[in-house]
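Asks:
In our numbering, the protein residues as written are -1 to 389.
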């Protein structure tokens, strides 16, 4: 059942087991239907449906669960998966029951679903007030086009899309959407992505991995998303950096610091960067050099991937002036993947010497770092006498 993935469900089962040990009674049977539905909502729908064999009461429980989770991994072939999905939705489930969470995920290359069937499934979820929608077509060879009606989900709060094609649409109205995940989205133009994002007026949490589009939007013509709190980006680009510059928390994977034109992030307090060899070169703007764009930065995490010493020998140089965020704002700094290379040591040294209000400097090594190298760090003169250094 993969209970380790569901902390809430684990806690419920532990509590039940303790109660049964004390009373030696069937506690589960005495739980109200609402609690049983909540427990089943953490399970794949196929597994939840199997509880119907327990008793007549359980037959009415699983069909009223508010969370639907269809994943093809446990089915022998695509046809059996398709039959189960349509049977569960249109024959077995209580047609009056609401749906709060709906997941349709393909882990294999199933071809039996047609475009109109996906439209029909999404329409079913819409009509039942879905709040959390996860539409993941990663295992399919052919792309499914996102139906335009999905862009007017009035109740939607969380939307996750993967391996989807987005074509022309005239109107986007997602008034309650707060969290958006986009991965491998194929879109006709970046203009449509911008329109999509601005159709989510209270969007707070944006996760973007890979979006393919043929044309660009001039950066100077864009405004920032007004309510964004958290953003996670893989392969950053100028346009998105402009759109998300009001965020307070930012995580960027595989950041191309040599190519990205940054605007000023006036609200950003937490930043995590993942730096890879292929994005480093002699012309890079340097990890310290970009910090003036984040004047309120308090927490700075760097994931150093690969052997950057070879490809970016002199990458991290000291800026001419100490950035404001380092001298008066930075409270915690963490270097993950530390190997004690020359540029890593210089970077850590600069932070320790110039961060006057630093509270914690964490060095996370990929392997066992030479004790002498750690000793060199601990002996550095510190700008803040109260911060803790640990590995």
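Idealized CB from N, CA, C, for every residue including glycine.
Please read these numbers as outputs of a predicted model, since none were measured by experiment.
For residue 101 and residue 292, what's the separation of their Cα atoms in angstroms?
Replies: The straight-line gap from Cα to Cα measures roughly 37 Å.
Asks: Could you work out which residue in 188, 201, 205 is closest to residue 179 when comparing CA atoms only?
Replies: Here the closest residue by C-alpha is 205.
Asks: Specify, as a first and last residue, the run of the beta strand (DSSP E) that residue 134 falls within.
Replies: Run containing residue 134: 130 to 134, per the beta strand (DSSP E) assignment.
Asks: Express the C-alpha separation of residue 131 and residue 83 in angstroms, rounding to a whole number.
Replies: Cα to Cα, residue 83 sits roughly 16 Å from residue 131.
Asks: Work out the CA separation of residue 42 and residue 66 for me, nearest whole Å.
Replies: Rounded to whole angstroms, residue 66 to residue 42 spans 7 Å at the Cα level.
Asks: Please report how far the alpha carbon of residue 384 lies from the alpha carbon of residue 363, in whole angstroms.
Replies: Rounded to the nearest angstrom, the two C-alpha atoms are 23 Å apart.
Asks: Buried or exposed: which applies to residue 95, given that a residue is buried once 16 or more other Cβ atoms fall within 10 Å of its Cβ?
Replies: Exposed: under 16 other Cβ atoms inside 10 Å.
Asks: Would you call residue 321 buried or exposed, if buried means 16 or more other Cβ atoms sit within 10 Å of its Cβ?
Replies: Per the 10 Å Cβ criterion, buried.
Asks: In this structure, does DSSP put residue 2 in helix, strand or coil?
Replies: With a pLDDT of only 48 at residue 2, under the threshold of 50, the placement of this residue in the model should not be trusted; the figure read from the coordinates follows. Residue 2: helix per DSSP, three-state reduction.
Asks: Look at the alpha carbon of residue 386 and the alpha carbon of residue 375, and state the distance between them as a whole number of angstroms.
Replies: So the alpha carbons of these two residues sit roughly 12 Å apart.
Asks: Quick one: using the 10 Å Cβ neighbour count with 16 as the cut-off for buried, is residue 240 buried or exposed?
Replies: Residue 240 should be labelled buried.
Asks: In angstroms, rounded to a whole number, what distance separates the CA positions of residue 285 and residue 198?
Replies: Rounded to the nearest angstrom, the two C-alpha atoms are 32 Å apart.
Asks: One question on the structure: do residue 147 and residue 121 come within less than 9 Å of each other, judged by their Cβ atoms?
Replies: In this structure, residue 121 lies closer than 9 Å to residue 147 by Cβ.
Asks: Output needed for residue 280: all residues of its chain with C-beta closer than 6 Å, excluding positions within five of it in sequence on either side, in chain order.
Replies: Residue confidence is low: residue 280 scores 40 on pLDDT, short of 50, so the model does not pin down where it sits. Its coordinate-derived value is still stated next. Once the five neighbours on either side are set aside, residue 280 has no close Cβ partner at all.
Asks: Apart from the five residues just before and just after residue 171, which ones in its own chain have a Cβ nearer than 8 Å to its Cβ?
Replies: Same-chain partners within the cutoff: 149, 150, 152, 197.
Asks: Does residue 240 come out as helix, strand or coil in the three-state DSSP assignment?
Replies: Correct three-state label for residue 240: helix.
Asks: Looking only at C-alpha atoms, which of 185, 177, 332, 168 sits nearest to residue 143?
Replies: Cα-wise, what sits closest to residue 143 is 185.
Asks: Would a C-beta distance cut-off of 9 Å place residue 162 and residue 133 closer than the cut-off?
Replies: Yes, they are a contact pair.
Asks: Express the C-alpha separation of residue 61 and residue 90 in angstroms, rounding to a whole number.
Replies: Distance between the alpha carbons of residue 90 and residue 61: 7 Å.
Asks: For residue 99 and residue 64, which I take to be in contact (beta-carbon distance under 8 Å), what is that distance rounded to the nearest angstrom?
Replies: The Cβ separation is near 7 Å, so the contact holds.
Asks: Using the beta-carbon count (16 or more within 10 Å), is residue 348 buried or exposed?
Replies: It counts as buried.
Asks: Verify whether the separation of the beta carbon atoms of residue 189 and residue 159 is less than 9 Å.
Replies: Result no, Cβ atoms of residue 189 and residue 159 do not sit closer than 9 Å.
Asks: Tell me whether residue 28 is buried or exposed, calling it buried when 16 or more other Cβ atoms sit within 10 Å of its Cβ.
Replies: With fewer than 16 other Cβ atoms within 10 Å, it is exposed.
Asks: Buried or exposed: residue 242, going by 16 or more other Cβ atoms within 10 Å of its Cβ?
Replies: Burial call: buried.
Asks: Tell me whether the beta-carbon of residue 372 lies closer than 9 Å to the beta-carbon of residue 327.
Replies: Result no, Cβ atoms of residue 372 and residue 327 do not sit closer than 9 Å.
Asks: Leaving out five residues before and five after residue 73 in sequence, what residues of the same chain have Cβ atoms less than 6 Å from its Cβ?
Replies: Excluding positions up to five away in sequence, the list reads 79.
Asks: Quick check on the DSSP output: what are the complete beta strand (DSSP E) runs of length 3 or more inside the segment 33 to 70, in order along the chain?
Replies: Segments of the beta strand (DSSP E) lying fully in the segment 33 to 70: 65 to 69.
Asks: In terms of residue numbering, what span does the alpha helix (DSSP H) encompassing residue 361 cover?
Replies: Counting along the chain, residue 361 falls outside any alpha helix (DSSP H), though it belongs to the beta strand (DSSP E) covering 358 to 363.
Asks: Are the CB atoms of residue 247 and residue 271 nearer to each other than 9 Å?
Replies: Not in contact: residue 247 and residue 271 (Cβ atoms no closer than 9 Å).
Asks: State the DSSP-derived secondary structure class of residue 341, mapped to helix, strand or coil.
Replies: Residue 341: helix per DSSP, three-state reduction.
Asks: Note the first and the last residue of the continuous alpha helix (DSSP H) segment covering residue 189.
Replies: Looking at the DSSP string, the run of the alpha helix (DSSP H) that includes residue 189 is 188 to 196.
Asks: My understanding is that residue 191 touches residue 175, with C-beta atoms under 8 Å, so please give their C-beta distance in whole angstroms.
Replies: Between residue 175 and residue 191 the Cβ distance is about 14 Å, and since that is not below 8 Å, they are no contact.
Asks: On the three-state DSSP scale, how would you describe residue 334?
Replies: Strand at residue 334.
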